[in-house]
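**Student:** I have a structure I would like to understand better, so I am pasting it below and will then ask my questions one at a time.
2 protein chains.
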Amino acid sequence: MAAAGTLPSAHRRPLLQPPPRALRAVVPRSSSSRGRRRPIAAAASAGSGSAAAAAAAGAAVGASTVLHPRKTDIRDANFPMDAEGRTYHLGTKRGEVANRILSVGSEKRALVLAEYLQPPAPGRGLFMLESSRGFLTITGRYLGTPVSIVVTHMGLANADFVVRENRAVVDGEMAFIRLGTCGALRPPARLGSFIVADPGAILIRRDPDAFSPEGEACGLPPYRFSRPIPSDPLLSQALQQEAARRLGAENVCSGLNATADSFYSSQGRRTDWFDDRNEALLGELLQAYPQAITLEMETAMLLDLARCSRGSIRAAAGVIALADRQSNDFLAADRIEELERLTGQACLAALARTQLQDSWGPHNGSGPPVWAA
Amino acid sequence: MAAAGTLPSAHRRPLLQPPPRALRAVVPRSSSSRGRRRPIAAAASAGSGSAAAAAAAGAAVGASTVLHPRKTDIRDANFPMDAEGRTYHLGTKRGEVANRILSVGSEKRALVLAEYLQPPAPGRGLFMLESSRGFLTITGRYLGTPVSIVVTHMGLANADFVVRENRAVVDGEMAFIRLGTCGALRPPARLGSFIVADPGAILIRRDPDAFSPEGEACGLPPYRFSRPIPSDPLLSQALQQEAARRLGAENVCSGLNATADSFYSSQGRRTDWFDDRNEALLGELLQAYPQAITLEMETAMLLDLARCSRGSIRAAAGVIALADRQSNDFLAADRIEELERLTGQACLAALARTQLQDSWGPHNGSGPPVWAA
Numbered sequence: 001m002a003a004a005g006t007l008p009s010a011h012r013r014p015l016l017q018p019p020p021r022a023l024r025a026v027v028p029r030s031s032s033s034r035g036r037r038r039p040i041a042a043a044a045s046a047g048s049g050s051a052a053a054a055a056a057a058g059a060a061v062g063a064s065t066v067l068h069p070r071k072t073d074i075r076d077a078n079f080p081m082d083a084e085g086r087t088y089h090l091g092t093k094r095g096e097v098a099n100r101i102l103s104v105g106s107e108k109r110a111l112v113l114a115e116y117l118q119p120p121a122p123g124r125g126l127f128m129l130e131s132s133r134g135f136l137t138i139t140g141r142y143l144g145t146p147v148s149i150v151v152t153h154m155g156l157a158n159a160d161f162v163v164r165e166n167r168a169v170v171d172g173e174m175a176f177i178r179l180g181t182c183g184a185l186r187p188p189a190r191l192g193s194f195i196v197a198d199p200g201a202i203l204i205r206r207d208p209d210a211f212s213p214e215g216e217a218c219g220l221p222p223y224r225f226s227r228p229i230p231s232d233p234l235l236s237q238a239l240q241q242e243a244a245r246r247l248g249a250e251n252v253c254s255g256l257n258a259t260a261d262s263f264y265s266s267q268g269r270r271t272d273w274f275d276d277r278n279e280a281l282l283g284e285l286l287q288a289y290p291q292a293i294t295l296e297m298e299t300a301m302l303l304d305l306a307r308c309s310r311g312s313i314r315a316a317a318g319v320i321a322l323a324d325r326q327s328n329d330f331l332a333a334d335r336i337e338e339l340e341r342l343t344g345q346a347c348l349a350a351l352a353r354t355q356l357q358d359s360w361g362p363h364n365g366s367g368p369p370v371w372a373a
Numbered sequence: 001m002a003a004a005g006t007l008p009s010a011h012r013r014p015l016l017q018p019p020p021r022a023l024r025a026v027v028p029r030s031s032s033s034r035g036r037r038r039p040i041a042a043a044a045s046a047g048s049g050s051a052a053a054a055a056a057a058g059a060a061v062g063a064s065t066v067l068h069p070r071k072t073d074i075r076d077a078n079f080p081m082d083a084e085g086r087t088y089h090l091g092t093k094r095g096e097v098a099n100r101i102l103s104v105g106s107e108k109r110a111l112v113l114a115e116y117l118q119p120p121a122p123g124r125g126l127f128m129l130e131s132s133r134g135f136l137t138i139t140g141r142y143l144g145t146p147v148s149i150v151v152t153h154m155g156l157a158n159a160d161f162v163v164r165e166n167r168a169v170v171d172g173e174m175a176f177i178r179l180g181t182c183g184a185l186r187p188p189a190r191l192g193s194f195i196v197a198d199p200g201a202i203l204i205r206r207d208p209d210a211f212s213p214e215g216e217a218c219g220l221p222p223y224r225f226s227r228p229i230p231s232d233p234l235l236s237q238a239l240q241q242e243a244a245r246r247l248g249a250e251n252v253c254s255g256l257n258a259t260a261d262s263f264y265s266s267q268g269r270r271t272d273w274f275d276d277r278n279e280a281l282l283g284e285l286l287q288a289y290p291q292a293i294t295l296e297m298e299t300a301m302l303l304d305l306a307r308c309s310r311g312s313i314r315a316a317a318g319v320i321a322l323a324d325r326q327s328n329d330f331l332a333a334d335r336i337e338e339l340e341r342l343t344g345q346a347c348l349a350a351l352a353r354t355q356l357q358d359s360w361g362p363h364n365g366s367g368p369p370v371w372a373a
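Given below as structure tokens:
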């Protein structure tokens, strides 16, 4: 109904205080406990723009508050929205989300990357909204273009929520880039490299029927691989170029991703507690898809939804190799954040430079978007 | 390494302050912003125990702080844990999680139900820990028995994280009960009733291959139903009895649950943006499984993992019907919280009264559990 600057601002509620029963769209909170700004040296030195721009971005984070809309008057179990037009799980409505979306797995990563955004409109903080289900949406500008960072969390179901509920509140063409982490299966992917899912991803799924008496009797395979699902070639290429410029071409590559429906059994991880029958899984994967070089949990869903979006969504994904699945080594924590900052800027730049058939005007009568000047 | 009472306590960090780069296991925070206690009238009047016990439970919540462990020295990409033995996504270690676990979808629901827990040990607050991925674990006692409430969030992948990472830090037999919400497909499930997944659940999954050119050419079905996955009969029966005692038998029933791999397409929800080919899905489901009465997103994974747990996990699930998928009506918000409180107590009672082969002694040299007196 109104731009972010005119909405009551809200801070994060303390964890131990469940929300009051009274329902309202946005909960005003005191502004006495604003988060401290982080040093923005990394932003200034990372080559994404001028130090002044980086300083402005840091200031935008510092001036931001977080909205916490409440679910009110939910209607229509087919596609639940409240009376304001807010989606059921992400909680955003038309005008709060940009046509270009960076999807990340964790809140920490989203906040680190929000430091690189400028305010959506002059003199404002970033638009930030966290839903009752923990989905955080941050809208600002990168290279002058409205961009949203959305915390997707983990797994196929959450990727589905993020793509569908954002699609429902944005008009015109959309571009999604996922920035994630992965296990490296084989070269050229290696610990600490950034791998763009180009030509796309396959899906690995555990079949529960294989663990039923009937499935056992007929020897059903416990895991199945889907066919490759393509990513957007131009967006993938742009992402790889932007990443190579920041990380050096030797640290960036592309290849087929394998998205698993779990972190453990469907990625070949083995424990004694469960009968997972996955001893041969990674070998079978590499035999079926020798070009598969990364393992993670969300990309195939994003690409599948883009394929089924009737041409309305372009999607790409890049992942930082956090673990080496041959040596079982793990990347050091400080190196992870450095890579998140550099690859995050690459994702934002690729999104901002992508041409889309979008429109930033009033959104179906719901008022000007938060990035209206 | 130590019981909760001797660990540095930590409050939730403000949202806009990303964690410092320095790594440590637990972040101490000031205790100046503790959450206010909610009125505990509901606890006192709900018949779960004496008013004094309810008051003690409310006091336990008020005296609690939330630990936020940091990932340090992650090792072994096969099953990542840090040097302290904390799991990678949930962040808990041996002695912090009870053998009896109530799995809920949202933080709000977990905090509402934590009001019914007594302290894990005399004179302490509840044990509360939230991981960097947003998984909240609360350990206390119910009817004198150690119980953990774990926020699972949504979807199959998150249910997998919660079962596997808890199994990795608990010795002896375990019992899981999921308390969720669902859409009601047909009677006896109806808006506002509580339905126990007995005899179990099936899984509905979208097949991405059906949306590929090759899959289209050979007419692959876009959705597939698994065979039924059984729940634990005794735990399910105990849950139904406890629920009937609190809600009235006329508001409680049991039946086959259908767990879908997404909220939208695999539950027959239809929008114009995506080519989902799910117009006939609910009809086909009811034809294949006339006894299916509820639709949700996690139960089948919990039951499948219990089935594959080599006898170490007993699992049951009950869901509140929030939506009617025939009329598309939604339950009013105040009625939802009332049902959460009553059914949550039923779940806790069923867990506490279940006999398990567990041991509460020192846990493999990691010190006494948080519920040690």
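One line per chain: the protein sequences are V and G, in this order. Okay, so the first sequence: first residue is 1 according to full-length UniProt numbering, each after it adds one. Okay, so the second sequence: first residue is 1 according to full-length UniProt numbering, each after it adds one. Every residue gets a Cβ at the ideal spot worked out from N, C-alpha and C, and that includes glycine.
Taking residue 375/V as part of the beta strand (DSSP E), name the residues at either end of that continuous run.
**Tutor:** This structure cannot settle anything about residue 375/V, because the visible part of chain V is limited to 1 through 373.
**Student:** Please classify threonine 259/V: does DSSP put it in a helix, a strand, or coil?
**Tutor:** strand
**Student:** Keeping to the same chain, check which residues put their C-beta closer than 8 Å to that of aspartate 261/G; ignore five residues upstream and five downstream.
**Tutor:** Gly155, Leu156, Leu203, Ile204, Arg205, Arg206, Met297
**Student:** Of all the CB atoms in chain G, is at least one closer than 9 Å to the CB of proline 69/V?
**Tutor:** no
**Student:** Could you check the C-alpha separation between aspartate 329/G and arginine 269/G for me, to the nearest Å?
**Tutor:** 14 Å
**Student:** Quick one, which residues of the stretch 154-176 of chain G are near chain V if we go by CB-CB under 8 Å, in chain order?
**Tutor:** Met154, Gly155, Leu156, Ala157, Asn158, Asp160, Phe161, Arg164, Arg167, Ala168
**Student:** Which whole runs of the beta strand (DSSP E) in the stretch 221-305 of chain V are 3 residues long or more, in chain order?
**Tutor:** You should have 223-225, 252-260, 292-296.
**Student:** Check this for me: beta carbons of asparagine 166/G and isoleucine 101/G, under 9 Å apart or not?
**Tutor:** For the 9 Å CB-CB criterion, asparagine 166/G and isoleucine 101/G form a contact.
**Student:** Report the neighbours of proline 146/G on chain V: residues whose CB is nearer than 9 Å to its CB, in chain order.
**Tutor:** By Cβ distance, chain V contributes nothing, its closest Cβ being about 20 Å from proline 146/G, past 9 Å.
**Student:** Look at the alpha carbon of glutamine 287/G and the alpha carbon of alanine 333/G, and state the distance between them as a whole number of angstroms.
**Tutor:** In this structure, the straight-line span from the alpha carbon of glutamine 287/G to that of alanine 333/G is close to 32 Å.
**Student:** Identify each residue in the stretch 302-316 of chain V for which the Cβ-Cβ distance to at least one residue of chain G is less than 7 Å, and report them in chain order.
**Tutor:** Asp304, Leu305, Arg307, Cys308, Ser309, Arg310, Ser312
**Student:** According to the Cβ coordinates, are residue 376/V and leucine 322/V closer than 9 Å?
**Tutor:** The first residue shown for chain V is 1 and the last is 373, placing residue 376/V beyond what the model contains.
**Student:** Who are the neighbours of threonine 271/G on chain V, taking C-beta pairs under 9 Å?
**Tutor:** Asn78, Phe79, Arg164, Arg167, Ala168
**Student:** Give me the subset of the stretch 249-263 of chain G whose CB atoms are less than 8 Å from a CB atom of chain V, sorted by chain position.
**Tutor:** Hits within the stretch, in order: Asp261, Ser262, Phe263.
**Student:** Cβ of serine 359/V less than 9 Å from any chain G Cβ?
**Tutor:** no
**Student:** Count the other C-beta atoms from every protein chain shown that fall within 10 angstroms of the C-beta of proline 228/V, then say buried if there are 16 or more, exposed otherwise.
**Tutor:** Proline 228/V comes out buried.
**Student:** Could you tell me the distance, in whole angstroms, from the CA atom of lysine 93/G to the CA atom of alanine 300/G?
**Tutor:** Separation of lysine 93/G and alanine 300/G (C-alpha to C-alpha, rounded to the nearest whole angstrom) is 26 Å.
**Student:** Based on Cα-Cα distance, which residue from Ala77/V, Pro199/V, Arg186/V lies nearest to glutamine 326/V?
**Tutor:** Arg186/V
**Student:** Residues of the stretch 333-348 of chain V in Cβ contact with chain G at a cutoff of 8 Å, in chain order, please.
**Tutor:** Ala333, Asp334, Glu337
**Student:** So what's leucine 322/G in DSSP terms, helix, strand or just coil?
**Tutor:** Three-state result, leucine 322/G: strand.
**Student:** Under a CB-based cut-off of 9 Å, is arginine 75/V close to chain G?
**Tutor:** yes
**Student:** For leucine 339/G, which option in Asn78/G, Thr139/G, Thr354/G, Gly180/G has the closest C-alpha, if you only look at C-alpha atoms?
**Tutor:** Gly180/G
**Student:** Quick one: does glycine 47/V have its CB under 9 Å from some CB of chain G?
**Tutor:** Low confidence applies here, because glycine 47/V scores a pLDDT of 34, under 50, leaving its location unreliable; read the following figure in that light. No, no contact with chain G.
**Student:** If histidine 153/G sits next to glycine 134/V, beta carbons under 8 Å apart, how far is it from one beta carbon to the other, in whole angstroms?
**Tutor:** 7 Å
**Student:** Quick check: what's the CA-CA separation for glycine 255/V versus valine 97/G?
**Tutor:** Distance from the CA atom of glycine 255/V to the CA atom of valine 97/G, rounded to whole angstroms, is 40 Å.
**Student:** Am I right that serine 231/V and proline 199/V are in contact with their C-beta atoms under 8 Å? What's the rounded C-beta distance?
**Tutor:** 7 Å
**Student:** Are the stretch 302-314 of chain V and the stretch 351-359 of chain G touching, with three or more C-beta to C-beta distances below 8 Å?
**Tutor:** no
**Student:** Quick check on the burial criterion: 16 or more other C-beta atoms within 10 angstroms. Buried or exposed for aspartate 73/G?
**Tutor:** exposed
**Student:** Indicate the three-state DSSP secondary structure (helix, strand or coil) for alanine 316/G in the structure shown.
**Tutor:** strand
**Student:** To the nearest angstrom, how far is it from the Cα of proline 222/V to the Cα of serine 212/V?
**Tutor:** Cα to Cα, proline 222/V sits roughly 10 Å from serine 212/V.
**Student:** What's the gap between the Cα of phenylalanine 225/V and the Cα of threonine 259/G?
**Tutor:** 21 Å
**Student:** For glutamine 291/G, which residues of its own chain have a beta-carbon under 8 Å away from its beta-carbon, when the five flanking residues on both sides are left out?
**Tutor:** Gly255, Leu256
**Student:** Give the secondary structure of valine 150/G by DSSP, where H, G and I count as helix, E and B as strand, and everything else as coil.
**Tutor:** strand
**Student:** Alpha carbon to alpha carbon, how far is serine 103/G from isoleucine 138/G?
**Tutor:** 11 Å
**Student:** Put residue 376/G into one of helix, strand or coil per three-state DSSP.
**Tutor:** The requested residue 376/G does not occur in the structure, where chain G is confined to residues 1 to 373.
**Student:** What does a CB cutoff of less than 8 Å around asparagine 78/G pick up in its chain, not counting 5 residues either side in sequence?
**Tutor:** none
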